[in-house]
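Protein chains: 2
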Amino acid sequence: MPLTLDAALADVAAEIDRQFDQLLAIPDDPRADLYRAMRHAAIGGGKRLRPLLVFATANLFDVARECSARAATALEAIHVYSLIHDDLPSMDNDDMRRGKPTVHKMFDEATAILAGDCLHALAFEVLADPATHADPFVRIELVLDLARAAGPNGMAGGQIMDIEAETTRFDLNTVTRLQQMKTGALISASVEAGAILGRLPPEGRVGLRGYAHDLGLAFQIADDLLDAEGDEAVAGKKLRKDEVAGKETFLSLLGPERAREQARMLVDQAIAHLHSYGKEADLLRDIARFVLERDR
Amino acid sequence: MPLTLDAALADVAAEIDRQFDQLLAIPDDPRADLYRAMRHAAIGGGKRLRPLLVFATANLFDVARECSARAATALEAIHVYSLIHDDLPSMDNDDMRRGKPTVHKMFDEATAILAGDCLHALAFEVLADPATHADPFVRIELVLDLARAAGPNGMAGGQIMDIEAETTRFDLNTVTRLQQMKTGALISASVEAGAILGRLPPEGRVGLRGYAHDLGLAFQIADDLLDAEGDEAVAGKKLRKDEVAGKETFLSLLGPERAREQARMLVDQAIAHLHSYGKEADLLRDIARFVLERDR
C-alpha cells in the first residue's frame, strides 16, 4: 500500500474494481441483466473514499491486504447500493451518477431496486465469509459494525430524515444529526472496520472514532459546497439540488464563509485526534485534507 | 413451545409480533414514519412460516427460546422487506398485502423503499448481536446462511428471474430453479438457522436440508394453486396474477391435476427426509402437511 494520497487513491480504485469484477461475474442465466446493473453501478467510478479509509486504518496495524480488500469491498457495496436506491424516481430522481446514466435509467426501476438489494446482501455475505478473516470474532464484529451503520440508526435513517428535510425546517442540531447518520455512519464504519481488522480493542479506538466523526462532518460540508459551487461535468452528477429542493443544509444555515471555516476546523480537529500515531497515519491525515479540496 | 400446529402457529405469531414491537419502537424524531411503515408491514399478519420453521427445527435440539426468537425475527425481517419491495409499483404493483394496504399505498414509495432497506439491515444486526447467541461461530454462521439466501443467488436472484418470466418462456427446469431461489432459499435458510442454533454439524444436516428443499417446492406449487383458485378476501391480497401476467408456473406447465399430485408427493418426500427423528419432529411433519392445506 503506497503512502502518498494520489497513489493510494489509484491503488484502492483498482483493487475495488478487481474485487467487484470477481464478485459480480455475469452468470449465463436470466439474472445476467441484474449482474450487469450491479457492475454498472459498482465498477469504474467514485472516489472510493470508504474503501480508502478501511485500507488506511487497517494499515496502521499491518492487516493483510486480502482482509482489508474484502472489508473495503463490503463497505463500498453498501455505499453503492444506497446510491442506486437514492437515485430512484421516487427518491432523488437522478439521471446521472459518476458521469454515467443511473441504474434505473440504464436498465429499469425494478432492476435498480433489486440490484441495490443484492449489493446490500452481498456486503454481509462478503464480511461473513471466512475468506475475509479466519477469526469469527473479527467477522461478526465487522458485520455488526456495518449493519448498524447501514440501518435505521445510520445511513437509511439519515436518508429518511433527508427526505423530511425537504418539507420541514430543521435547525443546525437536527441537520448535524441527519448528516452524521446519512454519510457519517458509513465513514465511521469504514474506519472502525480497519480498527476491528487490526484487533484494536474498543478502548483504544477513541482517537480513530474522533477522527472519523469530524471527517464525516467535514466531508458533508464540502459536499454542500460542491453542490452549490461545483462543476456538473467534473462532479459527474446533477448539482444545485439542495437549493432547488429548499432544503436546510450546513451551507444554508451557516452561509458559505462560515461553512468553509467550519469544515477547515473539523479537518484540523480530525487530524488532531490522530496525535498518538506517527508517520504511519499520514495517509489518514492526507485523506482529511483531501476531503476539503475535492471537486467531485 | 407447544407441539400442535395450531397452537404453535398462534404462539409463534405472538412471539414475532412481540419481537418486532420491541425492535421497532417508534422514535420521537423525523424517522417516526419510517418506523410506522416498518411496523405496518412487520406486525400483525402473515403465516410466519419461516419463523415457525426456525422454532420447530431449533426445538429438535433444545435451543433456548430467546435464541430461536431472535433468529426467527431476522428471517421474517428479510421476508417482510422482500414483500415491501416486491409490492412496489415498478415491481408487482400490489395495493393489498395481508389484508391491509401495501406500504407504498399507506405511506409513499420512498418510505417503502427505505423501510425495506432498514428491515434488511436490521435482520443482520439482530443476528450479529451477542444477544442472539453467545458463541460468535454460531452468529457468523447464521449471518452467512441468511446473506446467501437473501442475495443474488437466493431470494433476490429468484425475484429478477420471476420478472424475466413475464416476457420469456421458461421450461420446467428453469421454473423449478427460479422457485428454489425465490421462495425456497429463505425456507431452507430458516430450517438451516434452527440446525445452526442447535449446533448440528453440516454432515448431520442432510435430512433437514432435504426436508426444507421439498417443502419449499411444495409451498410454491400450493402458492400457484392458491393464486389460481383461492379467495382474495381470505388470502388478503390480489390473486390470478400469474395468469394475467402470462407467466409460466408449475401450474401452467403441469396443469392443476399433476401440480396437486406433485405437491402431495413433495410433502411425502419432505416427511420421509425426517425418518431419523422421532416424535420431536412431529411439528415439522405437520408444517409440511399444512403447506398444502392453507388458504392464504
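In order, the protein sequences belong to chains F and C.
If you're matching positions, the first sequence starts at 38 in the numbering used here and goes up one per residue.
If you're matching positions, the second sequence starts at 38 in the numbering used here and goes up one per residue.
We put the beta carbon where it would ideally sit given N, CA and C, even for glycine.
From a predicted model like this one, the values you see are computed outputs, not experimental measurements.
C-alpha gap between residue i and residue j, whole angstroms
i	j	result
P189 of chain C	C155 of chain F	5 Å
L61 of chain C	L42 of chain F	42 Å
A171 of chain F	Q217 of chain F	32 Å
A226 of chain C	D48 of chain C	21 Å
T205 of chain F	G153 of chain C	23 Å
A249 of chain C	V100 of chain C	19 Å
L181 of chain F	H312 of chain F	28 Å
I224 of chain C	M192 of chain C	10 Å
D264 of chain C	K278 of chain C	7 Å
V228 of chain C	A318 of chain C	12 Å
T110 of chain F	K137 of chain C	39 Å
T94 of chain C	L120 of chain C	24 Å
Q299 of chain F	E330 of chain F	14 Å
G195 of chain C	F161 of chain F	19 Å
R27 of chain C	A232 of chain C	An answer regarding residue 27 of chain C cannot be provided, because it is not within the stretch 38 to 333 covered by chain C.
R236 of chain F	V175 of chain F	8 Å
R68 of chain C	P293 of chain C	47 Å
Q59 of chain C	N210 of chain C	43 Å
L262 of chain F	D199 of chain C	44 Å
V304 of chain F	R214 of chain F	18 Å
T169 of chain C	A230 of chain C	12 Å
A158 of chain C	S289 of chain F	32 Å
V243 of chain C	L164 of chain F	26 Å
Q56 of chain C	S105 of chain C	11 Å
D123 of chain C	H141 of chain C	11 Å
G221 of chain C	V91 of chain C	14 Å
L179 of chain C	K316 of chain C	26 Å
H77 of chain F	A51 of chain F	15 Å
R185 of chain C	D166 of chain F	10 Å
V212 of chain C	M75 of chain F	24 Å
Where residue i falls: helix, strand or coil (DSSP)
i	result
K137 of chain C	strand
E178 of chain C	helix
F287 of chain F	helix
T110 of chain C	helix
E203 of chain C	coil
M198 of chain C	helix
Y248 of chain C	helix
G315 of chain F	coil
F144 of chain C	coil
I115 of chain C	helix
N96 of chain C	helix
M302 of chain F	helix
A62 of chain F	coil
A270 of chain F	helix
D123 of chain F	helix
D261 of chain F	helix
Minimum Cβ-Cβ distance from residue i to chain F less than 8 Å
i	result
H122 of chain C	yes
R73 of chain C	no
V180 of chain C	yes
G188 of chain C	yes
M143 of chain C	no
Within 8 Å, strictly: CB atoms of residue i and residue j
i	j	result
D251 of chain C	A307 of chain C	yes
P173 of chain F	I63 of chain C	no
D131 of chain F	K275 of chain F	yes
I197 of chain C	L125 of chain F	no
L86 of chain C	A45 of chain C	no
M128 of chain C	A149 of chain F	no
R333 of chain C	A296 of chain C	no
G83 of chain F	D54 of chain F	no
V328 of chain F	A282 of chain F	no
D337 of chain F	F144 of chain F	This structure does not reach residue 337 of chain F, given that chain F is present from 38 up to 333, and the question cannot be answered.
H310 of chain C	G247 of chain C	yes
CB contact check: residue i to chain C, cutoff 8 Å
i	result
Q196 of chain F	yes
H250 of chain F	no
H157 of chain F	yes
Local Cβ density within 10 Å of residue i, reported as buried at 16 or more and exposed below that
i	result
A79 of chain F	buried
Q257 of chain C	buried
N96 of chain F	buried
M302 of chain C	exposed
I115 of chain C	buried
P239 of chain C	exposed
K284 of chain C	buried
E113 of chain C	buried
E203 of chain C	exposed
D117 of chain C	In the sequence as displayed, the identity of residue 117 of chain C is Val instead of Asp. Classification for V117 of chain C: buried.
A270 of chain C	exposed
P325 of chain C	Pro is not the amino acid found at residue 325 of chain C; the sequence shown has Ala there. By the neighbour-count rule (16 or more Cβ atoms within 10 Å), A325 of chain C is buried.
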